[in-house]
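So the structure is just underneath, and the comments pick up after that.
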Amino acid sequence: MDKLFNIINIPFGWVLEFLAGLFGGNFAAAVFFFTLIINLALIPLSIKSQKSSVQQTRIKPKLDELKKRYGDDKQKYSEAMQQLYQEEGVSMSGGCLPMILRLILMMSIYWLIMSPLTYLMHIDSATITEATEALKALGSSGSRAELQIIEAVRNGSIDFPEIASKLDTISFNFFGIDLTQTPKFSFDIFHDAQAIWIMPIIAFLAQLFTSALSLLMQKKINPDAPSMAGMMLTMPLMSLFIGFTLPGGVAFYWACSSLIGGFIQLGVQNFYGPHKMLSRERLKELNKECDFEETQLKKLNGKTAE
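According to the numbering used here, the sequence shown is numbered sequentially starting from 1.
As structure tokens, then:
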């Protein structure tokens with residue numbers, strides 16, 4: 001799996017390093033603008049997915065008619081549905097490929113953000129493995145969380161001069177918050193509250209905003225769709241829970257990705273909304289009908305002249 005993601009992560013790592021250099025080695029700024037660039041690059045996929053959803057909405061009445069016609073005969077319904085998709089020029093899997101590509105990229109970027117020693121500072125794997133073992137000896141879970149290694153090197157828990165020398169070039173500070181730290185939740189918020197708690201909370205709010213926006217857009221596309229209000233809270237709550245188990249840099253990336261992706265999706269929805277696209281489709285159909293009638297009229301006039 002690492003080798004597969006390395007095909008994407010190694011060149012992405014150089015881009016992230018370049019961006020960090022532009023902002024004086026600031027890790028947070030590099031992550032934000034890197035996430036912005038990736039989401040902008042994915043706009044064509046978002047448009048393709050949006051168009052596919054609208055096309056599905058356009059032919060929905062015809063699909064409902066097929067269901068009534070064939071009833072419980074699933075085989076005939078399936079055959080008729082495939083024929084309808086071909087006639088209407090609609091791909092049955094049109095929205096799947098963009099989603100799969102986006103998922104692969106998002107997973108790749110997640111590991112990129114989790115592994116700044118490998119992809120941003122280019123520390124050799126043997127040193128990282130040795131540092132991971134040192135973390136295990138201190139009672140860490142032993143997972144290859146490179147942000148935790150950075151935190152341990154900085155506070156002197158483990159001694160790795162090769163890593164320490166590279167840390168001078170990168171700042172993981174975000175308005176006084178160390179993004180290498182992992183939040184430690186406590187119900188005694190008045191005594192045990194930490195500044196790093198802000199990161200999973202921001203990730204939660206950003207995901208909540210994106211979920212609400214997605215639900216609103218789905219309702220516009222398909223008003224008859226079942227309510228997904230439960231899912232709207234599920235994903236943000238998962239972000240909040242997981243955010244308290246991972247370094248703050250990961251929660252920061254989630255927040256950036258949710259907010260940037262949400263606003264871009266809002267823009268795509270504005271320009272390629274279902275009503276606008278369906279109106280364009282109807283206009284094309286009317287133009288074709290007019291052209292056909294005009295052709296028939298010319299033929300009729302030609303015969304009359306003879």
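In this text, a Cβ means the ideal position worked out from N, Cα and C, and glycines have one as well.
Please read all numbers here as calculations on a predicted model, not as lab measurements.
- DSSP, reduced to helix, strand and coil, places I158 outside both helices and strands of the structure shown, so it counts as coil.
- For a cut-off of 8 Å, the C-beta gap from I260 to L36 is around 5 Å, short enough to register as a contact.
- Cβ contact annotation for M106 (same chain, cutoff 8 Å, sequence separation greater than five): S257, in chain order.
- Unbroken alpha helix (DSSP H) runs of no fewer than 4 residues, entirely contained in the segment 166-219, are found at 189-192, following chain order.
- About 4 Å separates the Cβ atoms of S108 and I8, confirming a contact at the 8 Å cut-off.
- For the pair of segments examined, the segment 161-171 was found to touch the segment 113-127: the number of CB pairs separated by less than 8 Å reaches three.
- In the pairwise beta carbon analysis, the segment 231-239 is classified as touching the segment 202-218: at least three pairs are separated by under 8 Å.
- Within the same chain, Cβ atoms closer than 7 Å to the Cβ of F23 are found at A29, A30, the five residues on either side in sequence being excluded.
- Inclusion of G243 and F204 in the CB contact set at 8 Å is warranted, their separation being smaller than that value.
- As computed with DSSP, N26 is found in a beta bridge with S171.
- L135 is positioned such that its CB atom lies closer than 8 Å to that of I149.
- Linking S52 to L215 through their CA atoms gives a straight-line distance of about 17 Å.
- The residues E162, in chain order, have a CB closer than 6 Å to that of T127 in the same chain once the five nearest residues on each side in sequence are set aside.
- Spatial neighbours of S157 in its own chain (CB-CB distance under 7 Å, excluding positions within 5 residues in sequence) are listed in chain order as L138.
- Counting only runs of at least 4 residues, the segment 105-158 fully encloses the following alpha helix (DSSP H) elements, listed from N- to C-terminal order: 116-119, 125-137, 146-154.
- Under the DSSP assignment, G249 falls in the alpha helix (DSSP H) whose first and last residues are 248-271.
- Residue environment for L40: exposed (fewer than 16 other C-beta atoms within 10 angstroms of its C-beta).
- The beta carbons of F271 and L179 sit about 35 Å from each other, so the pair does not count as a contact at 8 Å.
- Under the DSSP assignment, L63 falls in the alpha helix (DSSP H) whose first and last residues are 60-70.
- Considering only F18, I100, G21, K76, the residue with the shortest C-alpha distance to L45 is I100.
- Ranked by Cα distance from V268, the first of F33, Y110, I43 is I43.
- A distance of 8 Å or more separates the beta carbons of V15 and F32.
- DSSP, read as helix, strand or coil, puts L42 in coil.
- Note on geometry: alpha-carbon atoms of W254 and I104 lie some 15 Å from one another.
- Approximately 6 Å separates the beta-carbon atoms of L84 and K62; this is inside 8 Å, confirming the contact.
- In terms of Cα proximity to T129, the closest of W111, F160, R154, I113 is F160.
- Within its own chain, the residues whose Cβ lies closer than 8 Å to the Cβ of Q194, once the five positions on either side in sequence are excluded, are Q181, P183, K184, listed in chain order.
- The C-beta of L112 has 16 or more other C-beta atoms within 10 Å across all chains shown, which makes the residue buried.
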